[in-house]
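So the structure is just underneath, and the comments pick up after that.
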Amino acid sequence: MDDDGEMELFDAQHLTIVVAEAGEDLSTDQKRRRRQAEQLAAGVHPLTGGRLHPDAAPAGDRQAAGLRCGGCKHRQLLNHDTAKTYPKCYRGAVRDDAGRLRKGTAIVTRGAATDVPAWWSACVHWEAPDTPE
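The structure is reproduced here in structure tokens:
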């Protein structure tokens, strides 16, 4: 990883393969959540693949003080033409002339793999929300 916490080309030393133990019948969601928890515990942000913020809350304690994705200005609750909202990180997104967020370079899909729970430890790109003027 470089100094900004971004992965460099072929930098895979922090990645691990999680294999379900014999007899475990885990759903895709359960496997993803387990993998994400292991990444956080290892100091790696599950969405960006980069380092956690130096002031990030500890990954193993959801009640502990510290920076979390839920307090970051990049995390937005979106609805994709449904009543349900989906928490996504829009770092790198741009606003169009009407003020709507457009994907830009943000890591956003319509799938659960890019959902960003509020309790996740913050990545190095965490920024405080803009204050209304």
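Read left to right, the sequence shown gives residues 540 to 672 (my numbering). Even glycine gets a Cβ: it sits at the ideal position worked out from N, Cα and C.
Residue i, DSSP secondary structure in three states
i	result
R641	strand
D568	helix
R601	coil
L591	strand
C-alpha gap between residue i and residue j, whole angstroms
i	j	result
P585	L579	7 Å
A603	P656	15 Å
D594	G609	14 Å
A654	K612	According to the sequence displayed, residue 654 carries Asp and not Ala. Roughly 15 Å between the two C-alpha positions.
K642	E563	37 Å
D620	R649	11 Å
Proximity of residue i and residue j at Cβ, strictly below 8 Å
i	j	result
W665	R601	no
V663	R590	yes
A645	A637	no
Residue i burial status per 10 Å Cβ neighbour count (16 or more: buried)
i	result
S660	buried
A651	exposed
A592	Residue identity differs from the one stated: residue 592 is His in this sequence, not Ala. So H592 ends up on the buried side.
L565	exposed
L616	exposed
Q569	exposed
A667	exposed
K623	exposed
A598	buried
For residue i, the residue or residues it bridges with in DSSP
i	result
K627	Q615, D654
Cβ-heavy atom distance, residue i to the ligand GDP, below 7 Å
i	result
R641	Within the structure as shown, the ligand GDP is missing, as the structure has no ligands at all.
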